[in-house]
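Asker: Next up is a structure, given as structure tokens.
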Amino acid sequence: MNCDCRISYDEGEDRILGPHSNVQVVMVRENSGYQVVATVSDLGGKNCSVWNDLKVSYDKSFFQNPFDSIRKVWVFADVPYLYKLIRNHFLDKGFIVGVKKISKEVIEKILMLDSNEAKICPRLSLHHISVKGRERQRVYLETQLFSNQTAKAIRYLLPDEMDTADFFQLMNDSFDILNARNFKDDRLLARGYRYDLKNQKIIIDKLKSCIENLVISKTFKKTKKVTLVKRKEKIFFPFQKGFLMTIASLYGLYEDLMPLDVKFILTSRLNQDCLENFFSKIRGVGHFYDHPLPSEVRHRIRLLLLGKNVDDIPFSSATNTLPCEDKSLLTTELLEHMSPDLNECGNQSEIRRNNHK
Numbered sequence: 001m002n003c004d005c006r007i008s009y010d011e012g013e014d015r016i017l018g019p020h021s022n023v024q025v026v027m028v029r030e031n032s033g034y035q036v037v038a039t040v041s042d043l044g045g046k047n048c049s050v051w052n053d054l055k056v057s058y059d060k061s062f063f064q065n066p067f068d069s070i071r072k073v074w075v076f077a078d079v080p081y082l083y084k085l086i087r088n089h090f091l092d093k094g095f096i097v098g099v100k101k102i103s104k105e106v107i108e109k110i111l112m113l114d115s116n117e118a119k120i121c122p123r124l125s126l127h128h129i130s131v132k133g134r135e136r137q138r139v140y141l142e143t144q145l146f147s148n149q150t151a152k153a154i155r156y157l158l159p160d161e162m163d164t165a166d167f168f169q170l171m172n173d174s175f176d177i178l179n180a181r182n183f184k185d186d187r188l189l190a191r192g193y194r195y196d197l198k199n200q201k202i203i204i205d206k207l208k209s210c211i212e213n214l215v216i217s218k219t220f221k222k223t224k225k226v227t228l229v230k231r232k233e234k235i236f237f238p239f240q241k242g243f244l245m246t247i248a249s250l251y252g253l254y255e256d257l258m259p260l261d262v263k264f265i266l267t268s269r270l271n272q273d274c275l276e277n278f279f280s281k282i283r284g285v286g287h288f289y290d291h292p293l294p295s296e297v298r299h300r301i302r303l304l305l306l307g308k309n310v311d312d313i314p315f316s317s318a319t320n321t322l323p324c325e326d327k328s329l330l331t332t333e334l335l336e337h338m339s340p341d342l343n344e345c346g347n348q349s350e351i352r353r354n355n356h357k
């Protein structure tokens, strides 16, 4: 998270903090007794520069833990961000999968055919394929477009577009696996990686093959001619690198956790949602003051940990993520239940005095 890079003074600890431009947590977590096994970020320019400095890529998706060089830290690209990027390429240019072009024209046909009162895809609308600007940051628009329901509608209404239906089904199933939130989910694939390992691995391998062979197409308005965007061999678009690195990191992290007898991996914990929600809470404490000084960041974190009305703190207005379902926080209410009952202690002392008599 970015913070104000000015030097600040912490009155509580009587020391000067800064200048810091970012909040760093890896070494702090290790020194606190937590083992850092993975890190996640989007494909922003600064993040890609950090990957280059760490010599991380889709071929080698980890770096040595700075606290313990024997252990690895696996690098993940933010999964919802990746699916939004692939959705944007689908809407803007389309894809060539094998010898078949996949584009938003198929969805336009679906919307025309599915215009009756009883719709096959009631959530799907023209807004999903014409979305622009900040609205493209909304994850739910991507998940509703690349959904199981849309894939079935394509198979039913446009049987000649099976390649597009298969692509949509793959996007839906792989997103369930890579963004699993609840081990009791009705969807078996979304119950955490390893719950249905055989089928999950088949789907992820299909996703890897699809991403590796995906070709971006471009249609010229005047000639209406589809032209392939030429790329050198083994050179991918950023979103393709992100997918391949995330898949490699998931397999590597799973192998590292196997000796610990891990039952499953809730892969949603490997994306940025929980981190963005935390940062949004920190910003929400200060309302419009959303780039606090380092000392102010520390105070706000303490408020979140020990505050009584944590749930009343609003998210930052810029957030694009959903609130975390797990709200197990350390609050003053919990500490009240842990405090001793002084009256009970007094009664026990009185009993002991009577026994001595």
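Heads up, the sequence shown is in the UniProt record's numbering, so the first residue is 1 and it goes up one at a time. In this text, a Cβ means the ideal position worked out from N, Cα and C, and glycines have one as well. All of these numbers come straight from a predicted model, not from anything done at the bench.
In whole angstroms, what separates the C-alpha of V257 from that of V37?
Answerer: Here residue 257 refers to the residue found at position 257 when the sequence shown is read from its first residue. Here residue 37 refers to the residue found at position 37 when the sequence shown is read from its first residue. The sequence given here has Leu at residue 257, not Val. Taking the straight line from one Cα to the other gives about 9 Å.
Asker: Give the C-beta separation of F183 and F168 to the nearest angstrom, bearing in mind that I take them to be a contact with Cβ-Cβ under 8 Å.
Answerer: On the sequence shown, position 183 is the one that residue 183 refers to. On the sequence shown, position 168 is the one that residue 168 refers to. About 26 Å separates the two Cβ atoms, so there is no contact after all.
Asker: For V79 versus L197, is the C-beta distance shorter than 7 Å?
Answerer: Along the sequence shown, read from residue 1 onward, the residue named residue 79 stands at position 79. Along the sequence shown, read from residue 1 onward, the residue named residue 197 stands at position 197. No, the Cβ-Cβ distance between V79 and L197 is not below 7 Å.
Asker: Three or more C-beta pairs under 8 Å: does that hold for the stretch 105–114 against the stretch 151–160?
Answerer: With a cut-off of 8 Å, the stretch 151–160 and the stretch 105–114 count as touching, because enough Cβ pairs lie within range.
Asker: Determine, for D42, whether the minimum Cβ-Cβ distance to residues of chain C falls below 7 Å.
Answerer: Note that chain C does not occur in the displayed structure, where there is just one protein chain.
Asker: Suppose the cutoff is 8 Å on Cβ atoms and the five residues either side in sequence are ignored; what does the same chain contact list for V285 look like?
Answerer: In the sequence shown, the residue the question calls residue 285 occupies position 285. Contacts found: R300, L303, L304, I313.
Asker: Which first and last residues belong to the beta strand (DSSP E) in which T164 is found?
Answerer: What you label residue 164 is simply residue 164 of the sequence shown in a count that begins at 1. Taken as a continuous stretch (DSSP letters only), T164 belongs to no beta strand (DSSP E), being part of the alpha helix (DSSP H) at 162–178.
Asker: Which value, in whole angstroms, describes the spacing of the CA atoms of residue 358 and D261?
Answerer: Since the first residue shown for the chain is 1 and the last is 357, residue 358 is missing from the structure and cannot be characterised.
Asker: First and last residue of the alpha helix (DSSP H) that includes F243?
Answerer: Stepping through the sequence shown from its first residue, residue 243 is reached at position 243. Residues 238–257.
Asker: Between the stretch 50–66 and the stretch 80–100, can you find at least three pairs of beta-carbon atoms closer than 8 Å?
Answerer: The answer is no - the stretch 50–66 does not touch the stretch 80–100, with fewer than three Cβ pairs under 8 Å.
Asker: Does DSSP put V215 in a helix, a strand or coil?
Answerer: Looking up residue 215 in the sequence shown gives position 215. Residue state, collapsed to three classes: strand.
Asker: In this structure, how does DSSP classify R41 when only helix, strand and coil are distinguished?
Answerer: On the sequence shown, residue 41 is found 41 positions in, with the first residue counted as 1. Here residue 41 turns out to be Ser, not Arg, going by the sequence shown. Strand.
Asker: With DSSP as the reference, please indicate the residues paired to Q64 in a beta bridge.
Answerer: Working through the sequence shown from its first residue, we reach residue 64 at position 64. In the DSSP output, where bridge partners are listed per residue, Q64 has K72.
Asker: Kindly identify the DSSP beta-bridge partner or partners of Y193.
Answerer: For this step, residue 193 is matched to residue 193 along the sequence shown. Partner(s): I265.
Asker: Once DSSP output is grouped into helix, strand and coil, what is the label at A118?
Answerer: Sequence index remark: in the sequence shown, residue 118 carries index 118 (1-based). Looking at A118 - three-state DSSP - the assignment turns out to be coil, as it is neither helix nor strand.
Asker: Given a threshold of 16 other Cβ atoms within 10 Å of its Cβ, counted over all protein chains shown, does N213 qualify as buried or as exposed?
Answerer: For the purposes of this step, residue 213 is taken as residue 213 along the sequence shown, with counting starting at 1. Exposed is the call here.
Asker: Given this structure, state the Cα-to-Cα distance separating V56 from S209, to the nearest angstrom.
Answerer: Position 56 of the sequence shown holds residue 56. Position 209 of the sequence shown holds residue 209. Cα to Cα, V56 sits roughly 21 Å from S209.
Asker: Give the secondary structure of V285 by DSSP, where H, G and I count as helix, E and B as strand, and everything else as coil.
Answerer: Numbered from 1 along the sequence shown, position 285 holds the residue referred to as residue 285. In this structure, V285 counts as helix in the three-state DSSP scheme.
Asker: Run through the DSSP bridge pairs and tell me what F183 is partnered with.
Answerer: Working through the sequence shown from its first residue, we reach residue 183 at position 183. Partner(s): none; F183 has no beta bridge.
Asker: Round the Cβ separation of H128 and Q144 to the nearest angstrom and send it over; I've been treating them as touching at under 8 Å.
Answerer: What you label residue 128 is simply residue 128 of the sequence shown in a count that begins at 1. What you label residue 144 is simply residue 144 of the sequence shown in a count that begins at 1. So it is a contact: roughly 6 Å between Cβ atoms.
Asker: Beta strand (DSSP E) containing F95: first to last residue?
Answerer: On the sequence shown, residue 95 is found 95 positions in, with the first residue counted as 1. Unbroken beta strand (DSSP E) run through F95: 95–97.
Asker: Could you name the residues of the same chain whose beta carbon sits closer than 6 Å to that of S103, not counting the 5 residues immediately before and after it, in chain order?
Answerer: Locating residue 103 in the sequence shown gives position 103, counting from the first residue. Cβ neighbours of S103 beyond the five flanking positions: G94.
Asker: Which of helix, strand or coil does DSSP assign to K198?
Answerer: Stepping through the sequence shown from its first residue, residue 198 is reached at position 198. Helix, per DSSP.
Asker: Hey, how far is the Cα of S317 from the Cα of D114?
Answerer: Taking the sequence shown and counting its residues from 1, the one referred to as residue 317 is at position 317. Taking the sequence shown and counting its residues from 1, the one referred to as residue 114 is at position 114. In this prediction, S317 has a pLDDT of 49, which is less than 50 and means its spatial position is unreliable; what the coordinates show is noted afterwards. Roughly 35 Å separates the two Cα atoms.
Asker: Can you tell me where the alpha helix (DSSP H) with I301 in it begins and where it stops?
Answerer: By 1-based counting over the sequence shown, the position of residue 301 is 301. Element bounds for I301: 294–306.
Asker: Can you check which of these residues, P259, S249, S295, is closest to V75 by C-alpha distance?
Answerer: In the sequence shown, the residue the question calls residue 75 occupies position 75. Among P259, S249, S295, the Cα nearest to that of V75 belongs to S249.
Asker: Please report the Cβ distance between D176 and R194, rounded to the nearest whole angstrom; I am assuming they are in contact, meaning their Cβ atoms lie under 8 Å.
Answerer: In the sequence shown, counting from the first residue as 1, residue 176 sits at position 176. In the sequence shown, counting from the first residue as 1, residue 194 sits at position 194. D176 to R194, Cβ: 14 Å. No contact.
Asker: Check whether the Cβ atoms of I247 and I204 lie closer than 7 Å to each other.
Answerer: Sequence index remark: in the sequence shown, residue 247 carries index 247 (1-based). Sequence index remark: in the sequence shown, residue 204 carries index 204 (1-based). A contact, by the Cβ cut-off of 7 Å.
Asker: In chain order, what residues of the same chain lie with their CB nearer than 7 Å to the CB of S268, ignoring the 5 residues before and after it?
Answerer: The residue given as residue 268 occupies position 268 in the sequence shown. Closer than 7 Å at Cβ, skipping near neighbours: N179, A180, R181.
Asker: Out of R298, D92, Y83, C274, state which residue places its alpha-carbon closest to the alpha-carbon of Q137.
Answerer: Taking the sequence shown and counting its residues from 1, the one referred to as residue 137 is at position 137. Cα-wise, what sits closest to Q137 is Y83.
Asker: Would you list the one or two residues that DSSP bridges to I102?
Answerer: Indexing the sequence shown from 1 puts residue 102 at position 102. DSSP lists F95 as partners of I102.
Asker: Is it true that the CB of Q200 sits closer than 7 Å to the CB of V40?
Answerer: The sequence position of residue 40 within the sequence shown is 40, counting from 1. The sequence position of residue 200 within the sequence shown is 200, counting from 1. No, the Cβ-Cβ distance between V40 and Q200 is not below 7 Å.
Asker: Considering only residues of the same chain and omitting the five flanking positions on each side of R71, which have a CB-CB separation below 6 Å?
Answerer: By one-based count along the sequence shown, residue 71 stands at place 71. The answer, listed in chain order, is N65.
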